[in-house]
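Right, one structure below, let's go through it.
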Amino acid sequence: MANSTDPFSASIIPFEVPEQMRAFAEKGVSQARDSYAKFKDVAETHNGTIEAVFASANKGASAYSAKLMEMMKSNSTATLDFAQQLIGVKSPSEAMELWTAHAKKQYEAFTAYSKELAELSQKVAAETVEPIKTSASKLFKPAA
């Protein structure tokens with residue numbers, strides 16, 4: 027039984043939603059559902075892309091670290107060999123000759139290492155960006 031003093035009672039304020047408003051609201055809800063479904067699909071796709079980027083970056087960082095360790099080992103071995111040879115020198119001129127040869131060898135090694143690291147960095151960067159490029163090409167298809 028409706029209370030006549032209740033301002034929200036159906037007997038005091040008759041309220042009916044017009045058909046046009048109902049259709050407009052239903053259309054809005056339908057569009058929101060469609061937009062959410064598209065957003066969810068894109069988000070899931072991008073999650074896979076991000077995982078691929080991080081996996082590629084991790085692999086590249088491991089390769090870069092391994093290359094650095096290899097270079098450090100080679101440099102340490104060359105330095106120890108040089109120190110051992112330096113102990114056996116008999117004259118200052120022989121020491122200077124040995125020192126010059128070692129410096130030249132180390133400079134050449136440093137140049138080669140720098141080139142290898144630059145190439146590896148470029149390769150890692152290209153491999154890391156590849157999943158992003160692939161995902162973007164799928165998302166933004168060129169107009170025909």
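Under my numbering, the first residue of the sequence shown carries the number 27, and numbering increases by one thereafter. The beta carbon of each residue, even a glycine, is placed where N, CA and C say it ideally should be. None of these values were measured; they are calculated from a predicted model.
Taking 7 Å as the cut-off, the Cβ atoms of residue 150 and residue 86 count as close.
Around the CB of residue 100, fewer than 16 other CB atoms lie within 10 Å, so the residue is classed as exposed. Residue 88 places its beta carbon 7 Å or farther from that of residue 153. For residue 88, the enclosing alpha helix (DSSP H) stretches over residues 45 to 113. Between residue 111 and residue 94, the gap from beta carbon to beta carbon reaches 7 Å or more.
Apart from the 5 residues on each side of it in sequence, residue 128 sits with its Cβ closer than 7 Å to the Cβ of 108 in its chain, given in chain order.
Assignment of residue 161 by DSSP, reduced to helix, strand and coil, places it in the helix class. Comparing C-alpha distances from residue 98 to each of 131, 159, 60 and 139 shows the shortest one belongs to 139. Residue 57 and residue 46 have their C-alpha atoms some 16 Å from each other.
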